[in-house]
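Chains as they are written, first to last, in our numbering: chain A, 1 to 96; chain B, 97 to 418.
Don't be surprised by glycine CBs; every beta carbon is placed ideally from N, CA and C.
See below for the structure under consideration.
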Amino acid sequence: MTTINIFKEAGEFAENKDVARKIRTEVLIPALQDGGEIIFDFSHVTGTTQSFIHALISDLFRKFGSQVLERLDFKNCSDTTRKIISIVCDYMQESE
Amino acid sequence: MVMRIHFPNSAFLGNFEAFIRQFDTESPEELVITANKNWISVHPVVLTMVAALGQSAHFKRIRCEPFEAKSRHYFERMGLFKFLTIESGITMTEHDSTGRFIPITQIKDSESLSKFITEMIPLLHLAPAHAEPIRYVLSELVRNVIEHSMSESGAFVAAQYYKKSNAIRIGITDTGVGIRNSITHSHYAPDDLAALKLALTPGITGTTTREGGTEFNAGAGLFFTKSIATVNRDFFAIYSGTALYKLLKSKATKRISLHADPFEDRHSKLSDLPYWQGTAVGIDLLLDENAAFSELLERIRETYRDAVRARRLNKHRRPKFS
Numbered sequence: 001m002t003t004i005n006i007f008k009e010a011g012e013f014a015e016n017k018d019v020a021r022k023i024r025t026e027v028l029i030p031a032l033q034d035g036g037e038i039i040f041d042f043s044h045v046t047g048t049t050q051s052f053i054h055a056l057i058s059d060l061f062r063k064f065g066s067q068v069l070e071r072l073d074f075k076n077c078s079d080t081t082r083k084i085i086s087i088v089c090d091y092m093q094e095s096e
Numbered sequence: 097m098v099m100r101i102h103f104p105n106s107a108f109l110g111n112f113e114a115f116i117r118q119f120d121t122e123s124p125e126e127l128v129i130t131a132n133k134n135w136i137s138v139h140p141v142v143l144t145m146v147a148a149l150g151q152s153a154h155f156k157r158i159r160c161e162p163f164e165a166k167s168r169h170y171f172e173r174m175g176l177f178k179f180l181t182i183e184s185g186i187t188m189t190e191h192d193s194t195g196r197f198i199p200i201t202q203i204k205d206s207e208s209l210s211k212f213i214t215e216m217i218p219l220l221h222l223a224p225a226h227a228e229p230i231r232y233v234l235s236e237l238v239r240n241v242i243e244h245s246m247s248e249s250g251a252f253v254a255a256q257y258y259k260k261s262n263a264i265r266i267g268i269t270d271t272g273v274g275i276r277n278s279i280t281h282s283h284y285a286p287d288d289l290a291a292l293k294l295a296l297t298p299g300i301t302g303t304t305t306r307e308g309g310t311e312f313n314a315g316a317g318l319f320f321t322k323s324i325a326t327v328n329r330d331f332f333a334i335y336s337g338t339a340l341y342k343l344l345k346s347k348a349t350k351r352i353s354l355h356a357d358p359f360e361d362r363h364s365k366l367s368d369l370p371y372w373q374g375t376a377v378g379i380d381l382l383l384d385e386n387a388a389f390s391e392l393l394e395r396i397r398e399t400y401r402d403a404v405r406a407r408r409l410n411k412h413r414r415p416k417f418s
């Protein structure tokens, strides 16, 4: 199980897509390729953008299919963060 | 050739096209700026456009007539003359900007944007519910510039709080390749207006034809921004090349609908304006409108999902019946 502390990586407003890409390529994809599971901890994150979440997780749908959601856990999300994650998950699954 | 820009008495998003129409952008070598002599009041997008021109390597010479209007100090305080590299001759006492405005700021890279959002948004002294959509809009629009405009001078951003209308007005401008050059990497757009329409449609990005975008771009930033403006019932304008799309104000009594097709929104559009090399975006956000950001996101979710679904259905092969 790999835990990503979003606040630590991207701050209170998680919007830096370069940070998201780095997490994806350096941590998420290797961990998932090894059969692992991911916890995204959004504690202390008050907001995020669709672009950040897209850069963080959209490629996981392409690489592992929508069943990757079974291996991802989004913890301690604010209401808006939860909605933005849902938007990205929706359109990535509609796009498959 | 000389490009002349005149700061009129008033230039806001409601009469934005009148300001734009005076541009003469045909191979200019010299930029000449004049201003109304009594009072000048302009939207931040106007300031960012002129600042961006001032930083453009395009002009061999910039001339600016001395500002005589009573409101001239505002332009000094917003940093306009600094970007025009002109000594204004206006003397003033620098006030703390807290609660009033974000002066013109040039942002060239991702780290500078993150720093800007962290340090500048608090200057507007907004309640968290109001700050949330504003930082969202700024982040998405400036990232668009950094990633797609190919402008060496980056994005020019300014914002102003207006007490009388209780509104924040924001301007973001670049002098990059423009929307059409960016979107036509992957989509057909016969003119600038068609390109604006595509850019405002959820899920359309210049980086790929693929539904869902690339691993880095989804083509959603402008749609989210327009949606925030729609729910806010105030102006949103985007000008690139010869085209302007403007989302118009709507009455508080009217039910709001989000549309994937921007031409289904209450809007005006023009396609015969003087050519703007790059993109300028202006948005007005009324702080009295209390639609929760999370409610808006739920509506965006539905509209976005339906748009992707409709496009996929359109691409389905049809059986032949004879």
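Residue i to residue j, Cα distance in whole Å?
i, j, result
"B:Thr-301", "A:Gln-50", "14 Å"
"B:Ala-255", "B:Asp-402", "34 Å"
"B:Val-377", "B:Arg-414", "40 Å"
"B:Thr-303", "B:Thr-130", "40 Å"
"A:Thr-80", "A:Phe-42", "12 Å"
"B:Phe-197", "B:Lys-411", "47 Å"
"B:Asn-132", "B:Ala-348", "34 Å"
"B:Phe-178", "B:Leu-409", "The sequence shown places Lys at residue 178 of chain B, not Phe. Distance between the alpha carbons of B:Lys-178 and B:Leu-409: 53 Å."
"A:Thr-3", "A:Gln-33", "15 Å"
"B:His-139", "A:Ile-53", "32 Å"
"B:Glu-244", "B:Gln-202", "According to the sequence shown, residue 244 of chain B is His rather than Glu. Spanning the two alpha carbons is a distance of roughly 16 Å."
"B:His-363", "B:Val-141", "19 Å"
"A:Asn-5", "B:Leu-318", "28 Å"
"A:Asn-76", "B:Pro-358", "35 Å"
"B:Ile-266", "B:Pro-104", "19 Å"
"B:Asn-111", "B:Arg-239", "27 Å"
"B:Glu-172", "B:Lys-166", "12 Å"
Please list, in chain order, the chain B residues whose beta carbon lies closer than 7 Å to that of residue i.
i, result
"A:Arg-21", "Phe-312"
"A:Asn-16", "Ser-206 and Ser-210"
"A:Ala-31", "Near A:Ala-31 there are no residues of chain B at all, since even the closest Cβ is about 17 Å away, more than 7 Å."
Find the residues of chain B that neighbour residue i, judging by a C-beta separation of less than 8 Å, and give them in chain order.
i, result
"A:Gly-47", "Glu-228, Arg-231 and Tyr-232"
"A:Ser-66", "The premise fails here: A:Ser-66 is roughly 11 Å from chain B at the closest Cβ pair, so nothing lies under 8 Å."
Give a yes or no on whether the C-beta atoms belonging to residue i and residue j are separated by under 8 Å.
i, j, result
"B:Arg-405", "A:Glu-12", "no"
"A:Met-92", "A:Phe-61", "yes"
"B:Ile-324", "B:Leu-220", "no"
"B:His-154", "B:Pro-124", "yes"
"B:Pro-370", "B:Ile-116", "yes"
"B:Ala-148", "B:Phe-212", "no"
"B:Ala-285", "B:Pro-298", "no"
"B:Ser-282", "B:Thr-305", "yes"
Name the chain A residues that come within less than 9 Å of residue i, Cβ to Cβ?
i, result
"B:Ala-251", "Ordered by position in chain A, no residue passes the 9 Å Cβ test against B:Ala-251, which lies about 14 Å from the chain."
"B:Arg-414", "Neighbours of B:Arg-414 on chain A: none; closest Cβ ~20 Å, over 9 Å."
"B:Arg-173", "Simply none; closest approach about 27 Å."
For residue i, return the contacting residues in chain A, with the cut-off set at a CB-CB distance below 7 Å.
i, result
"B:Glu-307", "Ser-95"
"B:Gly-317", "Ser-51"
"B:Arg-239", "Lys-17 and Ser-51"
"B:Phe-320", "Gln-50"
Can you list the residues of chain A that residue i reaches, using a CB-CB cut of under 8 Å?
i, result
"B:Ile-213", "Phe-13 and Glu-15"
"B:Ser-235", "Phe-13, Glu-15, Thr-49 and Ser-51"
Kindly provide the ranges of any beta strand (DSSP E) runs that are 3 or more residues long and lie completely inside the stretch 199 to 272 of chain B, ordered along the chain.
You should have 251 to 258 and 263 to 270.
With 8 Å as the limit, tell me which residues of the stretch 377 to 406 of chain B have their beta carbon closer than that to any beta carbon of chain A; keep them in chain order.
Against chain A - using a Cβ distance shorter than 8 Å - the residues of the stretch 377 to 406 of chain B are Phe-389, Ser-390, Leu-393, Glu-394, Ile-396, Arg-397, Tyr-400, Arg-401, Val-404 and Arg-405.
Considering only residues of the stretch 38 to 71 of chain A, which uninterrupted beta strand (DSSP E) runs meet the minimum length of 3 residues and lie entirely inside it, listed in chain order?
Runs of the beta strand (DSSP E) inside the stretch 38 to 71 of chain A: 38 to 41.
Can you list the beta strand (DSSP E) stretches of 3 or more residues lying completely in the stretch 110 to 170 of chain B, in chain order?
Entirely contained in the stretch 110 to 170 of chain B, the beta strand (DSSP E) runs reaching 3 residues are, in chain order, 126 to 131 and 157 to 160.
Which residues of the stretch 70 to 84 of chain A have a Cβ closer than 9 Å to any Cβ of chain B? Give them in chain order.
So the close ones are Ser-78, Asp-79, Thr-80, Arg-82, Lys-83 and Ile-84.
What residues in the stretch 349 to 365 of chain B bring their beta carbon closer than 8 Å to a beta carbon of chain A?
Per Cβ criterion, the list is empty.
Which residue spans inside the stretch 305 to 386 of chain B form an unbroken beta strand (DSSP E) run of at least 3?
The stretch 305 to 386 of chain B contains these whole beta strand (DSSP E) runs: 332 to 337, 339 to 343, 363 to 366 and 372 to 382.
Residues of the stretch 283 to 300 of chain B with Cβ closer than 7 Å to any Cβ of chain A, in chain order
Listed in sequence order: Gly-299.
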